[in-house]
Structures are given as structure tokens and as C-alpha cells.
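This report refers to the structure that appears directly beneath it.
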Amino acid sequence: MILALGLSAGASARAESVFHVCDDVEQPASLNPYQVFSEKTLTIIQQTLEGLVRFDPKGKIEPALAVRWERIDAHTMRFQLRPGIRFQNGEALDAEAVKFSLEKYAAPETAYPGSGFVTLSKVVVIDPLTVDVVTQAPDGLLLNRLSLFGHVVPPAYYREVGAEGFAKHPIGTGAFKFENWKKGEEISFTAHKGYWMKGFPKVDRLVFFFLEPKEQIRRLLAGELEVVTEIPGTETLKIQSSSIARVIKMPSLYTVAGSFNTEVKPLEDLRVRQALNYAIDKRELIRYDLLGNGSPIHTLALKGHEAVSLSTTLTSFDYNPALARKLLESAGVEKLKLSILEVKAPRTASIIAQHWKRIGVEASVTSTTDASVKADIAKKSWDVFIGGCPDPMYHSFFIQSIFLYSRSPYSLIRDAELDAMIEMVVEETSPDAQLENSARLAAYVNERVLTIFTYQRIKTHGVSRNVDFEPAISGMPYFRSSS
């Protein structure tokens with residue numbers, strides 16, 4: 088940890104602990120939780136804003152601003168708030184603040200970019216420390232949603248500064264207080280001395296930097312950063328052999344997947360989709376795309392998900408170009424040209440296109456960005472969509488619904504049976520029954536080969552040797568316990 092000298096009230100020097108982090112190349116567009124749905128931005132926001140519940144680093148849901156909760160009926164969960172909590176500006180955290188904050192996510196005028204994942208109908212105030220959260224339909228994933236984007240804001244302050252004012256200077260109940268935003272350079276926070284978790288945070292200041300990859304590594308090895316969350320595989324040996332930093336690896340809920348346009352020939356033929364998956368050399372893909380930091384998958388229920396203990400009878404789609412050619416031949420396909428739209432996965436898409444070329448399939452790749460992907464998908468009838476996707480909800484429903492649900496703007500699939508299965512996962516409030524539904528959904532995706540199965544990424548963090556830091560399987564760490 089880098090120590091900065093400051094003067095105390097008694098004019099004596101003391102060491103100020105500052106934790107320096109680089110989690111992204113580009114700075115966020117906003118720090119207003121109602122204006123963003125990016126895991127990188129939410130990582131910054133969750134250092135200062137909190138919700139009723141939250142995820143621990145392994146993905147377990149734990150209390151935050153609520154001390155306990157219970158399901159009242161299929162549509163309603165009741166939360167008991169933690170008493171004595173105040174926002175960083177002194178406003179009281181009460182049931183009215185929760186109602187104001189959560190209902191804003193569902194309000195049409197908010198235009199929340201993650202509105203497709205909002206199932207809220209209303210929040211009912213029972214008493215100053217008790218609220219009922221009511222959903223439009225039964226929602227067995229409500230706690231997961233609230234752990235991701237159910238941030239609570241101070242109503243009086245938000246009304247005073249408005250959406251744009253809050254975007255530049257957020258105020259919450261979290262471990263860190265917003266300090267300053269140097270556009271294009273850094274966002275800094277100071278310790279919230281009145282934080283309800285006694286003894287936290289462990290450092291006086293937290294600073295997020297936005298740097299190009301080479302500069303991230305340089306600063307880490309110069310002792311100017313405590314954590315870099317995205318280390319290229321080519322740099323791991325250099326970092327691990329240094330006396331300054333070390334590498335921490337852990338599986339992350341991140342994959343590159345996509346959807347086939349099953350409405351067009353010949354992709355409506357199961358054999359063709361099977362062939363395209365058998366043609367992908369996952370080991371080679373992991374080697375050249377991730378430099379070895381990944382593991383092959385044949386389901387979108389990743390290790391760390393609730394449905395990971397699936398039947399071993401699922402097809403693994405191990406590399407078999409001979410079988411791929413035979414499947415194409417049996418489907419009557421001699422020459423096949425595919426149009427691919429990719430987002431956040433240019434290297435992956437390029438390697439997959441090369442693999443498909445080995446079996447006589449020509450694929451042209453068009454790249455897009457987060458900002459324009461929805462419009463680009465709608466512009467034409469693509470054959471394949473490929474994208475990099477994290478799972479900040481810690482549930483296999485998230486990635487599958489992003490790529491495969493017909494109501495998702497990223498999906499090329501139109502499958503009524505699949506839609507019904509996804510909805511059954513969401514609406515089931517019994518954990519055991521939901522697990523069974525999740526397993527059936529994952530098996531259906533495997534059997535129908537509705538996506539491209541690639542890898543589960545192993546995330547590599549560069550961490551200074553003199554600091555304590557625990558990464559999160561979602562890739563969205565908290566820094567309150569870092570020291």
C-alpha cells in the first residue's frame with residue numbers, strides 16, 4: 088500500500104493509506120445507478136452506494152441495509168431495515184428512502200438501461216423500518232436483482248441535484264464517500280468514518296484509475312497501483328517473478344457466447360449448429376484468446392452457478408472437424424457463408440471464424456460497441472451474434488437470457504419453448520424447484536445447440552505483494568476490506 092504523509096490536528100505527521108486500483112481502460116459515463124448497466128461502472132458505484140442485500144465474493148447473498156427478509160407470498164418479499172443508518176450527507180435511511188429509490192428503477196421516465204431485468208411493481212411502506220417489495224409476477228430471483236442494481240439513494244439530495252447532479256457526485260451509505268472525479272484520469276473516494284460496519288473500510292482513500300493496458304502493468308510494477316484487475320496472459324510471468332506484485336487467478340462468471348439465427352437456412356437445422364460447435368477447437372481458442380486462462384464449457388451454467396452440477400450426459404462438443412464435415416454433408420450443406428456480429432469479443436470471433444474455415448465455412452465478422460450493438464443487431468438479419476458476457480447476477484439465468492431469450496435485444500433466437508423455460512426459472516420461488524428448472528434449461532440449450540460453447544474465463548489479477556485483496560467471482564469486487 089502506498090502511504091501518503093499528511094498532518095493531523097496536532098500538526099504531527101501521520102501516514103494516510105491510499106488504495107490505487109485500475110479496473111478499466113475507459114472511465115464511466117455516469118455514476119448515477121439509474122443511468123448505467125455496466126459491471127465496470129457498477130463496481131465503482133457499489134463502493135459508495137448500497138442496497139438491501141449484496142453478494143459476498145463467492146456469490147452468496149448477505150444482508151446489507153436490510154438485516155432480514157421473508158417471502159410473504161409469490162409476489163411479495165418483506166425487508167426489515169438496519170436501524171440507525173444515515174446517508175453520508177446525514178439523511179436518514181428509512182422505508183421512504185427505499186421506496187423512492189427502488190421505484191425509480193421501474194419508472195418509465197427513468198429509462199433505466201437494465202429495465203428488462205426489473206420486475207418491480209411497487210414498494211409498500213409498512214413502518215419506518217419495514218418495506219414490502221412487490222413484483223409484477225412471481226420472481227424467484229428478486230434477491231439476485233436487488234444485490235446487483237437495487238441501490239438506495241438519499242431522496243432529498245437526489246431531488247435537489249437531479250439525475251445529472253447525482254451522476255457527477257453520488258451519495259450513499261457505503262464504506263467510501265465520493266471525493267473527486269478528474270475526467271479521463273481518476274475517480275477518488277475517502278473513507279466513510281460513520282460506516283455501519285465497524286472497522287471498515289480498512290484504508291483512508293480509494294482511487295480508481297483508467298489506463299491503457301501497458302500503462303497499467305508499468306504502474307503496478309512501479310508500486311503505483313495496488314490492484315490491476317485485467318492482466319494479459321503475456322504479462323503474468325513478469326508480474327509473478329517480480330518482487331513488487333503477484334498474480335491472483337480465479338474462475339470468473341464470464342464467457343463468450345452468442346446465438347444462432349435459427350429462423351434462416353441452414354441454421355434452422357440442428358446438424359448444422361452441431362457441426363459449427365464441433366469445428367471449434369476450444370483448447371486452441373483458450374490458448375490464443377486467453378493465453379491459457381480459461382476452461383472449456385458445453386453449457387452456459389458456469390462453475391459457480393446454481394446449476395453447475397448438471398447431468399454428465401450433456402454433449403461436450405469436443406473438437407472433431409471430421410464429424411463437423413459429416414454433419415454438414417448429412418444436412419445437404421456444401422458451401423456455407425455466415426455473417427457474424429460481435430461485441431467485446433473481436434479476437435474470439437476471429438479465431439472461431441478461422442476454425443470454421445477449416446470445415447469449409449466462410450464467416451465474415453463485423454464488430455460493434457456496447458453503445459451501438461442494439462441498433463446494429465436490428466439493422467439486418469445476422470446469422471450469428473457473438474459477445475463477451477459477465478454475470479453480475481450470479482445466476483445462470485442471466486447469461487442465457489441475454490443471448491437466447493426472444494425478448495432480449497441481443498438474441499437472434501425465437502424459441503417459444505425456450506422462453507417458457509427461462510420464465511419458469513424466474514417465476515419459481517422454491518430454491519429446489521428453481522434448481523431443477525435451471526438444470527432443465529441448461530440441458531435444453533445444450534441439446535438444441537442454440538449457442539456457441541467456448542470457455543469460462545479464469546480472471547487474472549495483478550496485486551501488490553504488500554496488500555490484502557479478495558477478488559469476486561463476478562469480477563465486481565468490493566474494496567472495503569482491502570488493506
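The numbering used here puts the first residue of the sequence shown at 88, with every later residue one more than the last.
Idealized CB from N, CA, C, for every residue including glycine.
Quick caveat, the model's predicted, so the values are computed rather than measured.
With H, G and I counted as helix, E and B as strand and the rest as coil, what does DSSP make of residue i?
i       : result
Phe-404 : coil
Phe-236 : helix
Arg-494 : coil
Tyr-375 : helix
Gly-138 : strand
Ser-517 : coil
Ala-182 : helix
Lys-431 : coil
Pro-242 : helix
Gln-122 : coil
Glu-510 : helix
Ala-344 : strand
Thr-541 : coil
His-442 : helix
Leu-354 : coil
Ser-104 : strand
Phe-472 : strand
Compare the Cα-Cα distances from residue i to each of the options and report the closest residue.
i       : options                               : result
Glu-421 : Val-212, Lys-413 and Phe-253          : Lys-413
Glu-449 : Glu-317, Pro-479, Leu-387 and Ile-427 : Ile-427
Asp-110 : Glu-126, Leu-118 and Gly-391          : Glu-126
Phe-263 : Phe-484, Gly-381 and Val-105          : Val-105
Pro-496 : Ile-438, Ser-117, Gly-201 and Ile-148 : Gly-201
Gly-310 : Arg-333, Arg-292 and Pro-288          : Arg-333
Glu-393 : Lys-147, Leu-129, Leu-118 and Gln-122 : Lys-147
Leu-324 : Glu-371, Pro-477, Asp-214 and Leu-378 : Leu-378
Ile-545 : His-482, Pro-338 and Leu-228          : Pro-338
Ala-254 : Ser-459, Glu-149 and Ala-116          : Ala-116
Asp-478 : Lys-145, Asn-119 and Ala-102          : Lys-145
Pro-433 : Phe-404, Ile-446 and Tyr-375          : Tyr-375
Based on the DSSP secondary-structure assignment, which residues constitute the bridge partners of residue i?
i       : result
Phe-263 : Ala-278
Met-337 : Lys-546
Val-211 : Asp-219
Met-563 : BP columns for Met-563 are empty, so no partner.
His-392 : Lys-390
Met-164 : Arg-158 and Val-220
Arg-173 : Ala-179
Pro-477 : Tyr-341
Ala-450 : Leu-425
So, under 8 Å CB-CB, residue i and residue j are touching, yes? Tell me the CB distance rounded to an integer number of Å.
i       : j       : result
Leu-207 : Val-185 : Wrong, their Cβ atoms sit about 12 Å apart, outside the cutoff.
Val-351 : Leu-230 : Not really, about 39 Å apart at Cβ, beyond 8 Å.
Leu-55  : Asp-470 : Residue numbering for the chain in the displayed model covers 88 to 570; residue 55 lies beyond these limits and cannot be assessed.
Trp-156 : Phe-142 : Contact flag wrong, Cβ pair sits at about 15 Å.
Leu-401 : Ala-193 : At roughly 37 Å, the Cβ-Cβ gap does not stay under 8 Å, so Leu-401 and Ala-193 are not in contact.
Gly-549 : Ile-318 : 5 Å
Is there a C-beta anywhere in chain C that falls below 7 Å from the one on residue i?
i       : result
Ile-446 : Within the model displayed, chain C is absent; a lone protein chain is all it includes.
Is residue i close to the ligand NAP? I mean its beta-carbon at under 6 Å from any heavy atom of the ligand.
i       : result
Ala-116 : Looking at this structure, you won't find the ligand NAP or any other ligand, since it has none at all.
- prompt: Pairing CB atoms from the stretch 527–540 with CB atoms from the stretch 337–347, are three or more of them under 8 Å?
  reply: yes
message: Within 8 Å, do at least three Cβ pairs link the stretch 272–283 to the stretch 248–263?
response: yes
query: If we count Cβ pairs, one from each stretch, closer than 8 Å, do we get three or more for the stretch 360–378 versus the stretch 495–513?
result: no
message: Three or more C-beta pairs under 8 Å: does that hold for the stretch 515–533 against the stretch 223–239?
response: yes
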